[in-house]
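Take the position in the sequence shown, starting the count at 1, then add 69; the result is the number in the working numbering.
Backbone N, C-alpha and C fix where the C-beta goes; we use that ideal spot for every residue, glycine too.
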Amino acid sequence: MAGEVRPITLVGTPVLHSPCRPVERFDDELSALVDDMFASMYAAEGVGLAANQIGVDLRVFVYDCPDEDDVMRRGVVVNPTLELPGVDERRLDDGDEGCLSVPGAQAKLARPDHATCHGFDVKGDPVTVEGTGLLARCLQHETDHLEGRLYIDRLPTRTRKKVLKESEAFRAEVEAVTASPAPEPRSETPASPSPDR
Ligand SMILES: [Zn+2]
Numbered sequence: 070m071a072g073e074v075r076p077i078t079l080v081g082t083p084v085l086h087s088p089c090r091p092v093e094r095f096d097d098e099l100s101a102l103v104d105d106m107f108a109s110m111y112a113a114e115g116v117g118l119a120a121n122q123i124g125v126d127l128r129v130f131v132y133d134c135p136d137e138d139d140v141m142r143r144g145v146v147v148n149p150t151l152e153l154p155g156v157d158e159r160r161l162d163d164g165d166e167g168c169l170s171v172p173g174a175q176a177k178l179a180r181p182d183h184a185t186c187h188g189f190d191v192k193g194d195p196v197t198v199e200g201t202g203l204l205a206r207c208l209q210h211e212t213d214h215l216e217g218r219l220y221i222d223r224l225p226t227r228t229r230k231k232v233l234k235e236s237e238a239f240r241a242e243v244e245a246v247t248a249s250p251a252p253e254p255r256s257e258t259p260a261s262p263s264p265d266r
């Protein structure tokens, strides 16, 4: 993978909470950004990633996510617009949802089980992605990100608070592990008395 793994921005970081700017130039800089986004998504073991999750306020997301037939679908959508079935035709999927920017927590969130995303690929050619199953959820979750909205913003207040608390506890635990002193280097000499004693 050509891209560089970049740190994932966390809930509370301003870039996650305001709408991203449309991409105007389909150039090498955009290609490099998309490479970094794929690398960062795979490193974090996510199925989708929006540009503001690595701190860039541009309307781009990448995905590598199974659809309802468990077929992995991979791609990038620049300047996406989301199309959902009409209120009378939609079926809701009330599965669990989580987010790399709110690590260590999940919550049930009902969303339409079918979604279509229109936009452009990295070269500026039009693309349409039709999503079912987890991919339908992913397309909605990622376009939400680009509007400055996290999935927790769609949860009832109590659930939202619970998710944030769980995520804070998870992060504190991760930080404690990372900050603890490194284990003593293993001694090169054997611990048992040497035979000539
Ligand atoms: Zn997310």
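ask   = How many whole angstroms separate the CB atoms of V92 and V145, which I take to be in contact at a CB cut-off of 8 Å?
value = Their Cβ separation, rounded to whole angstroms, is 11 Å, which puts V92 and V145 out of contact at 8 Å.
key: For V243, three-class secondary structure by DSSP   = Here V243 sits in helix by DSSP.
ask   = C168: beta carbon under 7 Å from a heavy atom of ligand 1?
value = Indeed, a heavy atom of ligand 1 lies less than 7 Å from the Cβ.
inquiry  = M106 and A120 - do their beta-carbons sit closer together than 8 Å?
reply    = Result yes, Cβ atoms of A120 and M106 sit closer than 8 Å.
message = Excluding the 5 residues flanking V147 on each side, which residues of the same chain have their C-beta closer than 6 Å to its C-beta?
response = By the criterion of a C-beta distance shorter than 6 Å, V147 is surrounded in its chain by V92, V129, G188 and F189, once the five residues flanking it on both sides are discounted.
ask   = From which residue to which residue does the alpha helix (DSSP H) around T212 run?
value = Note, T212: alpha helix (DSSP H), G202 to L215.
ask   = Is the closest heavy atom of ligand 1 to the C-beta of H214 under 7 Å?
value = Checking the 7 Å criterion, the Cβ of H214 is within range of a heavy atom belonging to ligand 1.
ask   = Between which two residues does the beta strand (DSSP E) carrying D133 extend?
value = Unbroken beta strand (DSSP E) run through D133: V129 to P135.
Near ligand 1: P86 beta-carbon under 7 Å from a heavy atom = Note on residue identity: the sequence assigns His, not Pro, to residue 86. Taking the Cβ of H86 as the reference point, every heavy atom of ligand 1 lies at 7 Å or farther away.
ask   = Is the stretch 112-127 touching the stretch 191-202, taking contact as three or more C-beta pairs under 8 Å?
value = No, they do not touch.
request  = Take the Cβ of E242 as the centre, count every other Cβ of all protein chains shown within 10 Å, and call the residue buried at 16 or more, exposed below.
outcome  = The residue is exposed, with fewer than 16 neighbouring Cβ atoms inside 10 Å.
ask   = Taking Cβ positions, are D136 and T201 nearer each other than 8 Å?
value = Going by beta carbons, D136 and T201 fall inside the 8 Å limit.
ask   = Cβ of H183 within 7 Å of any heavy atom in ligand 1?
value = No - ligand 1 has no heavy atom lying nearer than 7 Å to the Cβ of H183.
message = For V125 and D213, I'd like the C-alpha separation in whole angstroms.
response = Here the alpha carbons of D213 and V125 stand approximately 15 Å from one another.
request  = Check whether the Cβ atoms of E166 and L178 sit closer than 8 Å, and answer yes or no.
outcome  = Yes. Within cutoff.
ask   = When we look at the beta-carbon of G72 and count the other beta-carbons within 10 Å, is it buried (16 or more) or exposed?
value = The residue in question, G72, is buried, as its Cβ has 16 or more Cβ neighbours within 10 Å.
message = Does the beta-carbon of H210, which I'm using as the reference point, lie nearer than 7 Å to any heavy atom of ligand 1?
response = At least one heavy atom of ligand 1 is nearer than 7 Å to the Cβ of H210, so yes.
message = Suppose contacts are defined by Cβ-Cβ distances below 8 Å. Is L127 in contact with L219 by that definition?
response = No, these two residues do not count as a Cβ contact at 8 Å.
task = Please confirm whether any heavy atom of ligand 2 lies closer than 7 Å to the CB of R159.
result = Ligands displayed in this structure: ligand 1; ligand 2 is not among them.
inquiry  = Distance check for P195 and F239, CA to CA, integer angstroms please.
reply    = Those two C-alpha atoms are separated by around 40 Å.
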